[in-house]
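In the working numbering, the protein residues as written are 249 to 383. Let me begin by presenting the structure, written as structure tokens, before commenting on it.
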Amino acid sequence: MGAEAICYPYKPTVQVCKICRSTVHRTDVCPTPNANMCSKCGTCDPTQGHECALNCTICGEEHATGDKSCRKKLKNVAPRISRVETPRRQTECTYAEKDFPQLEQHEQKPPHWFSSDREEAMLQNRQTSGSSSRS
Numbered sequence: 249m250g251a252e253a254i255c256y257p258y259k260p261t262v263q264v265c266k267i268c269r270s271t272v273h274r275t276d277v278c279p280t281p282n283a284n285m286c287s288k289c290g291t292c293d294p295t296q297g298h299e300c301a302l303n304c305t306i307c308g309e310e311h312a313t314g315d316k317s318c319r320k321k322l323k324n325v326a327p328r329i330s331r332v333e334t335p336r337r338q339t340e341c342t343y344a345e346k347d348f349p350q351l352e353q354h355e356q357k358p359p360h361w362f363s364s365d366r367e368e369a370m371l372q373n374r375q376t377s378g379s380s381s382r383s
């Protein structure tokens, strides 16, 4: 069911029209779909069996267009800046102690959920009642 697959990062390449050998558009949107060009050397209206030398449309060197050895095949992509390298914006707000006045000190009571007033009154009555125990 599951399998491991080797993944590689996407590298955008220069796209070349296979009809007119232009780097401006792709084959599926070529404005001259009836153009007659040699796909290897780029000669217009080639004769049957003409001699052609490989010529890359992208860089002009002697290899097939889009070959792995083409130095200009990959598009120049601006490097991404990581969040670590991005400087944080400095805030202009600075706070002083006068901006935070001291809170009033109140007598601390146990929280209401801890004991109720009624429970406290009952506890005091038990301690002060002085009732004798059975013997």
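Here a beta-carbon is modelled for each residue, glycine too, at the ideal position from N, C-alpha and C.
Taking three-plus beta-carbon pairs below 8 Å as touching, is the segment 318-331 in contact with the segment 268-275?
no
Kindly indicate which three-state DSSP category T275 falls into: helix, strand or coil?
helix
I'd like to check one pair, C300 with C318: are the Cβ atoms closer than 8 Å?
no
Rounding to the nearest angstrom, what Cα-Cα distance links I385 and D347 in this structure?
With the chain covering 249 to 383 only, the question about residue 385 has no answer from this structure.
According to DSSP, which residues form a beta bridge with T261?
L322
Once you ignore the five residues that flank A369 on each side, which residues in its own chain have a CB closer than 6 Å to its CB?
none
If we ignore side chains and look at the alpha-carbon of each, how far apart do T261 and T313 end up?
12 Å
Cα-Cα separation, P281 to G308
23 Å
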